[in-house]
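Okay, so here's the structure we're looking at.
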Amino acid sequence: MALVTTPAIVLSALKYSESSKIVRLATRDLGVQSAIAKGARRPRSRFGAALQVLSEGQAHLYVREHRELHTLAAFDLARVPVRIAEDLDRYAAASVLAEIMVRFAPADTHTESFDTLRDALAELEAADPELVRAVGLRAVWQLVSVLGFAPALDACVRDGSPVPPGALAFNAPEGGALCAACAGAAGGTRLAPDDRADLVRLLEPGTELPALDARHAAAHERLAARYVQWHLGEGAELPALTFWVQRPRRAG
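All letters in the sequence shown, in the order written, are residues 265 to 516 by the working numbering.
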């Protein structure tokens, strides 16, 4: 049983027995792993309050080869994203990111998904209120993309023909854009030219975020949720994803 120290983010924490917890961790060096934190629920636990969901730190894991449950020896807390927990839009988007990692990220080294999650949580916490929903959308699309499920926007997913600029037929089950001929048979969500341009910007890290009003942000969230459900969910219940698109909206 080897002791491994790795950067980690707490994705979920469940009660286990009267004194312990089982945590799911996104780790930079081992992928997504489950571990038992013995004594974590005791008043004087060595873990203290470190195992809050979305907390980031250094995990010290006793790793059992060919086992799905390891032992968390310690968790050196580095950051708690308090601002995310205080805001519904930030928390909803962060919960989707955690759910995608728990359900679909590999249990092997995949540094790109860990780095994407870590950076996305930092950006969600720091974002100005009017940009939170766009930041959340970009984070979801980016994580989906680094896990290998990026949508196609420039070529038809059916016949590979180029899709010219302008309005776009986006078919979530088939993986993205359809040309005019294929769209007539398969249908999909019609994106106006401006909506297509906004989606392109959401998919391209480093570009300026689109200015989305509440109605357009909600439409983009529904589109992203349908895509995740089809390509990663495969029929599984995804409660965080459902909450993201159905959560109460602020007045005005």
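For every residue, glycine included, the Cβ atom is placed at its ideal position computed from N, Cα and C.
Taking every protein chain shown into account, the CB of valine 274 has 16 or more other CB atoms within 10 angstroms, so this residue is buried.
Comparing alpha carbon positions, the residue from Ala398, Thr453, Ser276 and Val317 closest to leucine 467 is Ala398. Among the bridge pairs identified by DSSP, lysine 302 is matched with none. At least 8 Å separates the beta-carbon of glutamine 322 from that of alanine 290. DSSP links glutamine 322 through a beta bridge to Pro271 and Asp340. Distance from the CA of glycine 303 to the CA of serine 283, rounded to the nearest whole angstrom, comes to 5 Å.
Secondary structure note for valine 427: it is in no alpha helix (DSSP H), with a DSSP letter that is neither H nor E.
Among the bridge pairs identified by DSSP, arginine 288 is matched with Ser276 and Ser298. Ranked by Cα distance from leucine 267, the options His374, Leu325 and Pro307 are led by Leu325. If the five residues before and after leucine 476 are omitted, its C-beta is found closer than 7 Å to the C-beta atoms of Arg397, Ala398, Asp462 and His484, all from its own chain and listed in chain order.
Straight through space, the alpha carbons of alanine 313 and methionine 265 are spaced by roughly 26 Å. CA-CA distance, leucine 407 to alanine 356, rounds to 15 Å. By the Cβ-count criterion, arginine 347 is exposed, with fewer than 16 other Cβ atoms from all chains shown falling within 10 Å of its own Cβ. Following the DSSP letters along the chain, one finds phenylalanine 507 inside the alpha helix (DSSP H) bounded by residues 503–510. The region 421–435 makes no contact with the region 506–514; the number of CB pairs closer than 8 Å stays below 3. Beta-bridge partners assigned by DSSP to histidine 374: none are found. For valine 421 against glycine 440, the beta-carbon gap comes to about 5 Å, under 8 Å, which counts as contact. Cβ contact annotation for glutamate 332 (same chain, cutoff 7 Å, sequence separation greater than five): Ser298, in chain order. Distance from the CA of threonine 373 to the CA of leucine 318, rounded to the nearest whole angstrom, comes to 19 Å.
Rounded to whole angstroms, aspartate 423 and proline 415 show a C-alpha spacing of 15 Å. Beta-carbon to beta-carbon, phenylalanine 368 and leucine 411 are separated by about 6 Å, close enough to satisfy the 8 Å threshold.
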